[in-house]
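The next block holds one structure in the form of structure tokens; read it before the comments.
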Amino acid sequence: MNTNEKLLEVNDLRVEFRMRDGVAHAINGVSFELYARETLAILGESGSGKSVTAQAIMGILDSPPGFVTGGEVKFRGTDLLALPENERRKVRGPGISMIFQDALSSLNPVFPVGWQIAEMFRQHRGMNRTDAEAKAIGLMERVHIPAARERVRAYPHQFSGGMRQRIMIAMAIALDPVVLIADEPTTALDVTVQAQIMGLLKELQDEAGMGLILITHDLGVVADVADRIAVMYAGRLVETAGVVDLYARPAHPYTKGLLESIPRLDLKGQTLNAIGGLPPNLLAMPAGCPFHPRCRYAVDICREGEPPPLEEVVAGRAAACHRVKEVYGDE
Amino acid sequence: MGKFIVRRILQMIPVLLGATFLIFALVFLLPGDPTVGRCGERPCSPAYVAAFRAEYNLDKPFIVQYALYLGKLVQGDLGTNFYGNSVLHELAIRYPVTLKLALIAIAFEIVVGISAGVLAGIRKGKFVDNLVTVSTLLLISIPVFVLGGLAQMIFGIKLGWFPVTATEGTWYQLLLPGMVLGALSVAYAARLTRTNLVENLRADYVRTAKAKGLSPKRAIGIHALRNSLIPVVTYIGASFGALMGGAIVTERIFNINGIGYFIFRSITQRDGVSVVGAVVVLVFVYLVVNLLVDILYGVLDPRISHD
Numbered sequence: 001m002n003t004n005e006k007l008l009e010v011n012d013l014r015v016e017f018r019m020r021d022g023v024a025h026a027i028n029g030v031s032f033e034l035y036a037r038e039t040l041a042i043l044g045e046s047g048s049g050k051s052v053t054a055q056a057i058m059g060i061l062d063s064p065p066g067f068v069t070g071g072e073v074k075f076r077g078t079d080l081l082a083l084p085e086n087e088r089r090k091v092r093g094p095g096i097s098m099i100f101q102d103a104l105s106s107l108n109p110v111f112p113v114g115w116q117i118a119e120m121f122r123q124h125r126g127m128n129r130t131d132a133e134a135k136a137i138g139l140m141e142r143v144h145i146p147a148a149r150e151r152v153r154a155y156p157h158q159f160s161g162g163m164r165q166r167i168m169i170a171m172a173i174a175l176d177p178v179v180l181i182a183d184e185p186t187t188a189l190d191v192t193v194q195a196q197i198m199g200l201l202k203e204l205q206d207e208a209g210m211g212l213i214l215i216t217h218d219l220g221v222v223a224d225v226a227d228r229i230a231v232m233y234a235g236r237l238v239e240t241a242g243v244v245d246l247y248a249r250p251a252h253p254y255t256k257g258l259l260e261s262i263p264r265l266d267l268k269g270q271t272l273n274a275i276g277g278l279p280p281n282l283l284a285m286p287a288g289c290p291f292h293p294r295c296r297y298a299v300d301i302c303r304e305g306e307p308p309p310l311e312e313v314v315a316g317r318a319a320a321c322h323r324v325k326e327v328y329g330d331e
Numbered sequence: 001m002g003k004f005i006v007r008r009i010l011q012m013i014p015v016l017l018g019a020t021f022l023i024f025a026l027v028f029l030l031p032g033d034p035t036v037g038r039c040g041e042r043p044c045s046p047a048y049v050a051a052f053r054a055e056y057n058l059d060k061p062f063i064v065q066y067a068l069y070l071g072k073l074v075q076g077d078l079g080t081n082f083y084g085n086s087v088l089h090e091l092a093i094r095y096p097v098t099l100k101l102a103l104i105a106i107a108f109e110i111v112v113g114i115s116a117g118v119l120a121g122i123r124k125g126k127f128v129d130n131l132v133t134v135s136t137l138l139l140i141s142i143p144v145f146v147l148g149g150l151a152q153m154i155f156g157i158k159l160g161w162f163p164v165t166a167t168e169g170t171w172y173q174l175l176l177p178g179m180v181l182g183a184l185s186v187a188y189a190a191r192l193t194r195t196n197l198v199e200n201l202r203a204d205y206v207r208t209a210k211a212k213g214l215s216p217k218r219a220i221g222i223h224a225l226r227n228s229l230i231p232v233v234t235y236i237g238a239s240f241g242a243l244m245g246g247a248i249v250t251e252r253i254f255n256i257n258g259i260g261y262f263i264f265r266s267i268t269q270r271d272g273v274s275v276v277g278a279v280v281v282l283v284f285v286y287l288v289v290n291l292l293v294d295i296l297y298g299v300l301d302p303r304i305s306h307d
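Now the structure itself:
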């Protein structure tokens, strides 16, 4: 695999949810790229559209009510959105693969874990039962599940949370995917297990050279593993930057607010700067920049017209803010 | 698992005791004299009545009668009815017919009930779904004696597809009564399947199945359906237990010589020994089938543990 190969290119992706009480614009023109061996973190709070973005890329959006209304998802140059479902299905697994937040509900409770991993080989590769089970044992060992051979026929509820997430990961990497999307992979786990799972993902990525999209709301998780960060707010990317740059000097008021809301030991005793207010209702988006009601930099131009576009701040980073100069320069 | 089965079998003892006592008491309290009509046009002579009552222990107090009955029951003897026939034999010649009837009803439930439920579930809110909802509601709200009569008239007489009665109890004759008998359970099985499927289609593991690149057929047919059918199979199993108890109304309508009809006839003839004997067997079969269903539930759902 070429180290600099562009694996995924998302251009102006748009998704809406058509519901009884109106149309929710969940994704409004999201664009980003992912290269081999790279880890891109998509950061945002609940409802910002990060999971929907992932599901739209995978093509597993619940439809109805969710519809992709525009844009491109180019996987190694082929636009997946233009492929017929039958072709697209073959990309899931060997091409792009995904792991989910809650491994207990994401694994089928009535089938043994080994069977669920082996299903990848049986369905995509037409392998027989015995060979596929042997492969499953190998994968369980690769994600460091102790006594894999004895536990291959155990059911999901017989494993701990961390082990279940390892099984999810084993299933996702079964066919050596080119891109792995991890949707809040550690949110349901306790902190020590979180670190182990992130370590495992990193290890697997280094072995196989996958591109990794890490979806999270946890700035702490991101800092250690991501190469680049894309911050999402109300269905738009508001800032993209390398991880070090972003932490050092945020260029969007929202990112700045997020970073200031992390409790810090050296500022013990001071009031935490949480971002006031709530994210906008996707059914009734405010005019102008969707962040303006919560923004301390907001001026008149932010409250009217179209939301500001994502524009380059300095080489390698971009922000969508009318007042980017003030935010970026305001140190 | 072994412990669970032993415990359940032990639990059957008080249930069977209670059931026999209740039935015995009810039959004992039933008004009417079993000797009426046994001596032609005239009332029976006091000597005959006394001899009859002595033979069947009818002259003894209730508790003694019950104790004597239980004593025979534990030896597997259901007694001799007022016509001098062994109750066990009477039941044995009728059980195959009832079993056939129940099997037809269950097959109908499985094939039609589950298919209708699956169709409605995957086409939620569409025409098929509404059709299934309305027709099952109709089946649930029509009493079985009306349904039986209607089926006889339409399919038996007007269209002539099926025989109107099933006196010999052949498979073909029992087809129509079996469907009438299963109609209510078909409706419930269809609704249960639909509800569970709709719920499971939204489950996270179905999303996972799609993310694994499985075909929609496999994501729905294997992953969602396998989970949706757990309560349906349990329901059908339990309804089989109930059907094995014979269908008094259905067997009466179609003139089927099964357990249900036997109970009906025994009640009208004040044949208490037969009624008690038949009901004891029914309660026993019901309990055994329910135990099997509970074991099956543990097999279908690995999260259920019987230890």
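Quick note, the sequences are listed as chains A and B, same order. Terminal number for the first sequence in this note's numbering: 331, no gaps in between. Terminal number for the second sequence in this note's numbering: 307, no gaps in between. Ideal placement from N, C-alpha and C gives every residue a C-beta, glycine not left out.
Is residue i buried or exposed, if buried means 16 or more other CB atoms sit within 10 Å of its CB?
i, result
"B:L10", "exposed"
"A:K325", "exposed"
"A:T192", "exposed"
"B:S239", "buried"
"A:Y233", "buried"
"A:L265", "exposed"
"B:S228", "buried"
"A:I262", "exposed"
"B:F262", "buried"
"B:E41", "exposed"
"A:Q101", "buried"
"A:G93", "buried"
"B:K124", "exposed"
"B:L173", "As written in the sequence, residue 173 of chain B is Gln, which differs from the Leu given in the question. That one is buried."
"A:H322", "buried"
Please list the partners that residue i has in chain A, where partner means a Cβ-to-Cβ separation under 8 Å.
i, result
"B:Y297", "Under the 8 Å cutoff, chain A gives no residues; its nearest Cβ is about 12 Å from B:Y297."
Under 7 Å Cβ-Cβ, which residues of chain A neighbour residue i?
i, result
"B:D301", "V110"
Please look up how many angstroms separate the CB atoms of residue i and residue j, rounded, as I've assumed it's under 8 Å.
i, j, result
"B:V27", "B:V275", "5 Å"
"A:I167", "A:I117", "7 Å"
"B:R303", "A:H157", "5 Å"
"A:D183", "A:M98", "7 Å"
"A:P177", "A:I96", "6 Å"
Quick check: is the beta carbon of residue i nearer than 8 Å to any beta carbon in chain A?
i, result
"B:R120", "Note that residue 120 of chain B corresponds to Ala in the displayed sequence, not to Arg. False, the Cβ-Cβ gap to chain A never drops below 8 Å."
"B:R218", "yes"
Are any of the Cβ atoms in chain B nearer than 8 Å to that of residue i?
i, result
"A:F100", "yes"
"A:M140", "no"
"A:M1", "Only weak support exists for where A:M1 lies, its pLDDT of 46 falling under 50; the value from the coordinates is given anyway. Judged by the 8 Å Cβ criterion, A:M1 is not in contact with chain B."
Starting from the beta carbon of residue i, find every residue of chain B whose beta carbon is closer than 8 Å, and list them in chain order.
i, result
"A:H90", "Reading off the sequence, residue 90 of chain A comes out as Lys, not His. Simply G213."
"A:H157", "P302, R303"
What residues of chain B sit near residue i, judged by a beta carbon separation below 7 Å?
i, result
"A:M58", "A211"
"A:G93", "K212, G213"
Let me check you understand the geometry: is the CB of residue i closer than 7 Å to at least one non-hydrogen atom of the ligand ADP?
i, result
"B:R226", "In the structure on display, the ligand ADP does not appear, and there are no ligands present to speak of."
What residues in the stretch 13-28 of chain B bring their beta carbon closer than 8 Å to a beta carbon of chain A? Cβ contacts with chain A: none found.
Residues from the stretch 221-254 of chain B in contact with chain A, defined by Cβ distance under 8 Å: Close to chain A, meaning a Cβ-Cβ distance shorter than 8 Å, are the following residues of the stretch 221-254 of chain B: H223, R226, N227, I230.
Using a Cβ-Cβ cut-off of less than 9 Å, give me the residues of the stretch 105-134 of chain A that come near chain B, in sequence order. Hits within the stretch, in order: S105, S106, L107, N108, P109, V110, F111, P112, Q116, E119, M120, Q123, H124.
Please list the residues of the stretch 295-325 of chain A that have a C-beta atom closer than 8 Å to any C-beta atom in chain B, keeping them in chain order. Flagged: no residues at all.
To be precise: take each residue of the stretch 182-207 of chain B, compare its Cβ to all Cβ atoms of chain A, and keep it if any distance is under 8 Å. Which residues remain? Taking 8 Å as the cut-off between beta carbons, the residues of the stretch 182-207 of chain B near chain A are R202, A203, D204, Y205, R207, in sequence order.
Scan the stretch 159-175 of chain A for residues whose Cβ lies nearer than 9 Å to a Cβ of chain B and list them as they occur along the chain. If you check each beta-carbon in the stretch 159-175 of chain A against every beta-carbon of chain B, the ones closer than 9 Å belong to M168, M171, A172, A174, L175.
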